[in-house]
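S.K.: Using this note's numbering, read the sequence shown as starting at 75 and increasing by one per residue.
Note that beta-carbon positions come from the ideal geometry of N, C-alpha and C, so glycine has one too.
Treat the numbers as computed from the prediction; the structure is a model and nothing was measured.
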Amino acid sequence: MDKESTTPPGLAAKIGAGLIVLWSVLHIWVGGDGLAKFFAGDVKAQWQGFLGGSKASMEAFVHTTDAVTANVHAHMIVNFCVDVGGYGVLGLVAAWLIWRQASWLGYFMFVVLVGICDLAFTFSLVTSGIITLNAGTVGGPVLWVLACVITPFGLARPGVSR
Numbered sequence: 075m076d077k078e079s080t081t082p083p084g085l086a087a088k089i090g091a092g093l094i095v096l097w098s099v100l101h102i103w104v105g106g107d108g109l110a111k112f113f114a115g116d117v118k119a120q121w122q123g124f125l126g127g128s129k130a131s132m133e134a135f136v137h138t139t140d141a142v143t144a145n146v147h148a149h150m151i152v153n154f155c156v157d158v159g160g161y162g163v164l165g166l167v168a169a170w171l172i173w174r175q176a177s178w179l180g181y182f183m184f185v186v187l188v189g190i191c192d193l194a195f196t197f198s199l200v201t202s203g204i205i206t207l208n209a210g211t212v213g214g215p216v217l218w219v220l221a222c223v224i225t226p227f228g229l230a231r232p233g234v235s236r
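(1) Taking the continuous alpha helix (DSSP H) assigned at K88, which residues delimit it?
(2) Put K77 into one of helix, strand or coil per three-state DSSP.
(3) Which word fits V104, buried or exposed, when buried means at least 16 other C-beta atoms lie within 10 angstroms of its C-beta?
(4) So, is A230 buried or exposed, given that buried needs 16 or more other C-beta atoms within 10 angstroms?
(5) Nearer than 8 Å: is that true of the beta carbon of F227 relative to any heavy atom of the ligand COA?
(6) Identify the residues that DSSP records as bridge partners of G126: which are they?
(7) Using C-beta distances below 6 Å, list every residue in its chain close to G90, excluding the 5 sequence neighbours before and after it, in chain order.
(8) Around the Cβ of I151, are there at least 16 other Cβ atoms within 10 angstroms (buried) or fewer (exposed)?
(9) Could you check what DSSP says for S198 in three-state terms: helix, strand or coil?
(10) Quick one: give me the first and last residue of the alpha helix (DSSP H) that G159 is part of.
(11) Can you check which of these residues, A87, L100, T81, L166, is closest to P215 by C-alpha distance?
(12) Measure the C-alpha to C-alpha separation of G180 and T206 and round it to an integer number of angstroms.
(13) By a C-beta neighbour count over all protein chains shown, 10 Å radius and 16 as the cutoff for buried, is D76 buried or exposed?
(14) Thinking C-alpha only, which one of D192, F227, A176 is nearest Y161?
(15) Excluding sequence positions up to five away, which residues of its chain have a Cβ less than 7 Å from the Cβ of G106?
So this is what it looks like as structure tokens:
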């Protein structure tokens, strides 16, 4: 039997898995909120979820009056939100693998695959001043970093039994 599947996770891995679950719930909520706003048919409400930062105030943003362009915006925004929700589901899979199997695969899935999502968001929307800074927009990247740093301390080194 594989060592990874027989070695229980340490406390740090369980804390990391818990942080990943929090990260995942936040991102699944983004997907659900994006779908709700899309089906409500209000593209301005969709845009409000991405604006309000120091470089993109809601008052300065010019919404389109063209129906085709607004429809394209609505579909692009809902696609982004559903993708974010999908990363949340991937995070739950990684957390489960870490919690149940002390899995390095789960850890690296979170670091690399989920990291693509979180780092793209952080550098394209947060640090650029596009999105409002709040508990959700800053908390997600903070949870990702904390989980990445803490989790490995609770996983057995490959080939070494804890």
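M.R.: Reading from the atomic positions:
(1) 85 to 114
(2) No answer about K77 holds up, because its pLDDT of 48 lies below 50 and its placement is not dependable.
(3) buried
(4) buried
(5) The ligand COA is absent from the structure shown, which contains no ligand whatsoever.
(6) Paired residues: I205.
(7) Answer for G90: A221, I224, T225, listed in chain order.
(8) Buried, because 16 or more other Cβ atoms sit within 10 Å of the Cβ of I151.
(9) helix
(10) Here the alpha helix (DSSP H) through G159 covers 141 to 175.
(11) L100
(12) 31 Å
(13) Because D76 sits at a pLDDT of 45, beneath the cut-off of 50, its placement in the model cannot be relied upon, and the point is left open.
(14) D192
(15) G159
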